[in-house]
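Sequential numbering of the sequence shown, starting at 498, is according to our numbering.
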Amino acid sequence: MAELLFYREPTLLDRAGHAALRYTPSPDFGFSRDVNSVPLLAVEFFEASRSLPVLFADDAQDRRFPLALLSLANDHNAQLATDGRWTGGYTPAFVRRYPFALDGDKNVCFDRAATHFAGEGQPLFDGGVPSSTLQGVIGFLQEFDAEHARTREFCDALQAKDLFKPFVLQVITADKQTARLGGLSAIDETRLQQLDAATVDEWFRRGWLAWIYAHLHSLGALKRLGDQLDTRAAA
């Protein structure tokens with residue numbers, strides 16, 4: 498998983514060195530303009546599936562992880578307006594957590610180059626301790642990491658049961674050529690129907706079957722991305 502996909506200057510947040518740092522939330526998601534997919538947590542499948550296709554790809558450890566497809570064009574996010582506002586139906590948590598993240602030791606990091614810290618805003622520290630703003634950020638990041646772990650367990654179980662099948666897409670490159678986007682996977686419905694009863698029962702109780710069907714439902718959103726591509730081409 499590309500943990501720091503958008504971060505140009507990731508920096509460990511330090512209460513002494515950043516005591517005066519102020520943060521301003523922004524509706525501008527322009528930092529994500531040059532990507533056509535982002536990692537997605539399984540708990541997000543339900544909301545995301547209404548407007549975005551949910552597929553799977555290998556992460557940095559060669560293990561499958563879900564992603565939300567944002568465009569059928571290469572290196573382009575079709576969910577953004579020209580001013581950076583998110584116009585898609587759902588904004589993935591991976592995007593919403595920027596410019597903050599947790600490192601491998603669960604320490605808070607931030608992108609020093611982000612415009613969110615350029616002016617007056619909400620203090621991150623109050624008397625040397627995390628402010629209410631920073632506490633809210635930390636809570637969100639901790640929840641994100643917990644759901645990431647649940648998603649990892651879910652994907653590993655799918656892979657162990659050999660439920661993934663290749664899913665190849667055609668995308669449009671910057672020079673208007675058609676290219677095949679490989680390395681993607683979807684859940685194989687035929688193999689899914691052959692699961693033993695004990696596994697089906699366990700996955701139902703854990704909510705995993707609901708996640709699977711939300712993923713399958715999301716594939717219908719590919720037409721929406723195709724329509725967006727046609728609109729841009731006409732413009």
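In this text, a Cβ means the ideal position worked out from N, Cα and C, and glycines have one as well.
DSSP, reduced to helix, strand and coil, places L569 outside both helices and strands of the structure shown, so it counts as coil.
In the three-state reduction of the DSSP assignment, K603 falls in the coil class. Put simply, the stretch 594-611 touches the stretch 629-646. At least three CB pairs are less than 8 Å apart. DSSP, read as helix, strand or coil, puts F614 in helix. The shortest CA-to-CA distance from R677 to any of T687, E686, V665, E644 is the one to V665.
DSSP places F664 in the coil class of the three-state scheme, outside both helix and strand. Non-local beta-carbon contacts of R547 in its own chain, meaning distances under 6 Å to residues more than five positions away in sequence, involve G586 in chain order.
Restricting attention to L655, E699, R702, the CA atom closest to the CA of L689 is found in L655.
The beta carbons of T521 and Q619 sit closer together than 8 Å. Each residue's CA atom was taken as its position, placing R593 and H714 some 24 Å apart.
Counting along the chain, the unbroken alpha helix (DSSP H) around A695 starts and ends at 694-702.
Beta-carbon to beta-carbon, A554 and F542 are separated by about 15 Å, too far to satisfy the 8 Å threshold. In this structure, the alpha-carbon of E544 lies about 9 Å from that of A711. Residues of the same chain with a CB within less than 7 Å of the CB of F528, apart from the 5 flanking positions on each side, are F503, Y595 in chain order. Annotated three-state conformation of T648 is helix, per DSSP. By the Cβ criterion, the stretch 607-617 is in contact with the stretch 505-522, since at least three pairs of Cβ atoms, one from each stretch, lie closer than 8 Å. Residue pairing by DSSP places Y595 in no beta bridge whatsoever. Around the beta carbon of P524, fewer than 16 other beta carbons sit within 10 angstroms, so the residue counts as exposed. In the three-state reduction of the DSSP assignment, A590 falls in the helix class.
F503 sits in coil when the DSSP states are folded into three classes, being neither helix nor strand.
Distance between K720 and L567, taken at the CA atoms: about 12 Å.
Looking from the CA of D531, the closest CA among R649, A718, H573 belongs to H573.
The three-state secondary structure of F637, taken from DSSP, is helix.
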